[in-house]
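Written below as structure tokens is the structure these notes are about.
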Amino acid sequence: MQELRFKATELLLREEWQESVQVYTQFINLCQDQISVKSHQNHPDPDLLTKLQKSLCLALSNRAEALSRLRDLTGALKDCDQALKIESTHFKSLVCKGKILLSLNRYSMALDCFKTAVLDPQASGNLETLNGYVQKCKKLEFQSRTGAFDLSDWILSGFRGKSPELAEYTGPVQIKRSELSGRGLFATKNIDAGTLLLVTKAIATERGILSSEDSCENARLVMWKNFVDKVVDSATKCERTHHLISTLSSGEDEDKLEAPEMSLFRPEAEEIGELNEKLDKVKILNVLDVNSLVEDSVSAKVLGRNSDYYGVGLWVLASFINHSCNPNARRLHVGDHVLVHASRDVKAGEEITFAYFDVLSPLSKRNEMSKTWGFHCSCKRCKFEEEMCSKQEMKEIEIGLERGIDVGSAIFRLEEGMRRWMVRGRGKGYMRASFWAAYFEAYGSEKSVTRWGRRIPAVDIVVDSVAEAVGCDERVLKVFMQAFKGNGVSLVDMEKSLKLGRGVHGKVVKKQQALRSLLDFGTHDA
7 MQELRFKATE
17 LLLREEWQES
27 VQVYTQFINL
37 CQDQISVKSH
47 QNHPDPDLLT
57 KLQKSLCLAL
67 SNRAEALSRL
77 RDLTGALKDC
87 DQALKIESTH
97 FKSLVCKGKI
107 LLSLNRYSMA
117 LDCFKTAVLD
127 PQASGNLETL
137 NGYVQKCKKL
147 EFQSRTGAFD
157 LSDWILSGFR
167 GKSPELAEYT
177 GPVQIKRSEL
187 SGRGLFATKN
197 IDAGTLLLVT
207 KAIATERGIL
217 SSEDSCENAR
227 LVMWKNFVDK
237 VVDSATKCER
247 THHLISTLSS
257 GEDEDKLEAP
267 EMSLFRPEAE
277 EIGELNEKLD
287 KVKILNVLDV
297 NSLVEDSVSA
307 KVLGRNSDYY
317 GVGLWVLASF
327 INHSCNPNAR
337 RLHVGDHVLV
347 HASRDVKAGE
357 EITFAYFDVL
367 SPLSKRNEMS
377 KTWGFHCSCK
387 RCKFEEEMCS
397 KQEMKEIEIG
407 LERGIDVGSA
417 IFRLEEGMRR
427 WMVRGRGKGY
437 MRASFWAAYF
447 EAYGSEKSVT
457 RWGRRIPAVD
467 IVVDSVAEAV
477 GCDERVLKVF
487 MQAFKGNGVS
497 LVDMEKSLKL
507 GRGVHGKVVK
517 KQQALRSLLD
527 FGTHDA
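For the sequence shown, our numbering gives the first residue as 7, with consecutive numbering after it.
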């Protein structure tokens, strides 16, 4: 036994985790057998039993460390719990368990482990590290409870250093049956534009730089294979991850799938019991086909170093968000986390939706794009525009723009048509969003603005209308910002630009200076 223990410790110190686990398992089995035999003797030696129990406790703790390095968090947590049953204040086991609970987003329980560990005499040489963990747990627990996130300092530093540590957060949302497709995410109360809806870390991500056209497809295939392998590995090693993935659609029998309880996704969620369902790699592949997200998309913004890469990932709760051509949510990617926020005001009971493709385009183009995604969009906007597009004048405007007629003329005809057809409120926003390219070109041309003057609506009217109908977008924000550049920005205009900025970037940028720097960056980048 002594030889086995030395060998296992040596492997652990050499960071040969898998081999270390194997040898520790042999030692633990022998130790447990010895304890069983000795405890059933007529006159067991209490000193020998105590010595064996201590050896078993340390071996379990060391195996937990090795398992956690291999990302087998379920096995590691079981070993920590067994070790702490033997010695409830075992320093090494408390620290290891705290780290595991922290990575599983169980911040309060992790905090309890670290607080107990700090009281141990062994903590004297590690006080700075342990206090760091205590502070980290407190910060993340506060974020997850309140949704109070602030990326300002990181943004103002120019995204230097590592991306900020973020907690899991689930806001005022729930999963229900959707009229759009299968299941969806819904608001449980009225929500202002910019309000954070959820923050979650990816099960796995894969990133790379895509270069020339020829090698691009091969690079994507290699990235996809690596991504699938990472997800399968994570699901194999963690029962909670396996359970979360099992809630997602594989594209079949969507109507039969139940809406999972939100408690499953909340931080501090109780440990999942063992699943009877075996890991099905084919099903996981289908789940990833349906639910994985590309980081750089029309409804997303990648902040920090990852913006230089093509990235794909699986964010489970965000995967329940369906497409709509009048979306009300956008997302920010920060490291491996995604932050989803409302891009316009949302009413209680309204479904939370993303734009899977460019919705600042006419119905005909959106229909083509939805086909490539494998569905037909039947959102309120599409239904409204199907009726409007049956009008001959609408067809003429679209054909005219394709043939290069003056954009001011097209806008004038559209606005006059909407007046005659008595299009009101959000309907105007839908139509203006469909012909956004024309408005964008007209407002960007001093010649067009001078020529058409008041015969076309003012920039702020169109921007408000589009943002209210289909949520804010960097291109909409850019038009508004450029319209007032050099003309002296009033307080009202600045407030409006900040509100539009919150629709694009969310309320996770508290300092106005940081939000302004993002707005400047966005207008140059859009």
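We treat Cβ as the ideally placed atom computed from N, Cα and C, and that holds for glycine. Just so it is clear, the structure is predicted and the values come from calculations on it, not from any experiment.
Subject >> Endpoints, beta strand (DSSP E) assigned at glutamate 357 >> reply: 357-360
**OP:** Leaving out five residues on either side along the sequence, give the residues of the same chain with a beta carbon under 8 Å from the beta carbon of alanine 208.
**Re:** Gly319, Leu320, Trp321, Asp342, His343 and Val344
Subject >> Residues that DSSP places opposite isoleucine 197 in a beta bridge >> reply: DSSP output for isoleucine 197 lists Val352 as bridge partner(s).
Original post:
What is the DSSP secondary structure of isoleucine 462, reduced to helix, strand or coil?
Top reply: coil
Original post:
If we count the other Cβ atoms within 10 Å of its Cβ and call it buried at 16 or more, is serine 99 buried or exposed?
Top reply: buried
Original post:
Curious, which full-length alpha helix (DSSP H) runs of at least 4 residues does the segment 167-253 contain?
Top reply: Runs found: 219-243 and 245-252.
Original post:
Given alanine 265, which residues of its chain have a CB within under 7 Å of its CB, disregarding the five upstream and five downstream residues?
Top reply: Ile181, Lys182, Arg183 and Arg189
**OP:** Using beta-carbon positions only, say whether leucine 36 and glutamate 25 come within less than 8 Å of one another.
**Re:** no
Subject >> Own chain residues within Cβ distance below 7 Å of arginine 508, not counting five before or after >> reply: Ala199 and Gly200
Original post:
Can you pull the DSSP bridge partners for lysine 307?
Top reply: Per DSSP, the beta-bridge partners of lysine 307 are Leu338.
**OP:** Identify the continuous alpha helix (DSSP H) that holds tyrosine 30 and give its terminal residues.
**Re:** 23-45 is the extent of the alpha helix (DSSP H) around tyrosine 30.
**OP:** Check whether the Cβ atoms of cysteine 395 and serine 330 sit closer than 8 Å, and answer yes or no.
**Re:** no
**OP:** Could I get the ranges of all uninterrupted alpha helix (DSSP H) runs contained in the segment 405-455, with 4 residues as the minimum, in chain order?
**Re:** Fully enclosed alpha helix (DSSP H) runs of 4 or longer: 413-426, 431-440 and 442-449.
Original post:
What's the C-alpha gap between phenylalanine 363 and valine 101?
Top reply: 46 Å
Original post:
If we call anything under 8 Å between Cβ atoms a contact, is aspartate 51 one with lysine 60?
Top reply: no
**OP:** From the DSSP output, in three-state form, read off valine 468 for me.
**Re:** helix
Original post:
DSSP state of leucine 345, grouped into three classes?
Top reply: strand
Subject >> Contact between the segment 161-173 and the segment 438-450 (3+ Cβ pairs under 8 Å) >> reply: In the pairwise beta carbon analysis, the segment 161-173 is classified as not touching the segment 438-450: fewer than three pairs are separated by under 8 Å.
Subject >> Where the beta strand (DSSP E) containing leucine 320 begins and where it ends >> reply: 316-320
Original post:
Would the beta-carbon of asparagine 334 fall within 8 Å of that of arginine 350?
Top reply: yes
Subject >> Residues that leucine 299 bridges to, as DSSP identifies them >> reply: Gly319
Subject >> Neighbourhood of leucine 270 by C-beta, 6 Å cutoff - its chain only, sequence neighbours within 5 removed >> reply: Result list for leucine 270: empty, nothing under 6 Å.
**OP:** Counting only the same chain and skipping the five closest in sequence on each side, list residues whose C-beta sits under 8 Å from that of valine 514.
**Re:** Phe155, Asp156, Leu157, Leu202, Leu338, Leu345 and His347
**OP:** Run through the segment 62-150 for me and flag every whole beta strand (DSSP E) of 3 or more residues, listed as ranges in chain order.
**Re:** none
Original post:
For the segment 77-97 against the segment 62-69, are there 3 or more C-beta pairs whose distance is under 8 Å?
Top reply: yes
**OP:** May I ask which residues mark the beginning and end of the alpha helix (DSSP H) holding serine 370?
**Re:** 369-378
Subject >> Where histidine 382 sits in the DSSP three-state scheme >> reply: coil
Original post:
Which of helix, strand or coil does DSSP assign to asparagine 312?
Top reply: Note: asparagine 312 maps to helix in three-state DSSP.
**OP:** Report the residue from Ser440, Trp23, Cys388 and Glu171 whose alpha carbon sits nearest the alpha carbon of isoleucine 403.
**Re:** Ser440
Original post:
Mapping DSSP to helix, strand and coil, what is asparagine 328?
Top reply: The answer is strand: DSSP assigns asparagine 328 an E or B state.
**OP:** Find the nearest neighbour of arginine 75 within the set Glu356, Ser240 and Gly459, judged by alpha-carbon distance.
**Re:** Ser240
**OP:** Can you give me the start and stop residues for the alpha helix (DSSP H) that aspartate 159 sits inside?
**Re:** 158-162
Subject >> Distance between beta carbons of lysine 236 and alanine 210, contact taken as under 8 Å >> reply: 4 Å
Original post:
Using DSSP with H/G/I as helix, E/B as strand and the rest coil, what is aspartate 526?
Top reply: helix
Subject >> Local conformation of cysteine 478 per DSSP, three classes >> reply: coil
**OP:** Could you spell out where the alpha helix (DSSP H) holding arginine 20 opens and where it closes?
**Re:** That residue, arginine 20, is in no alpha helix (DSSP H); it is neither H nor E in DSSP.
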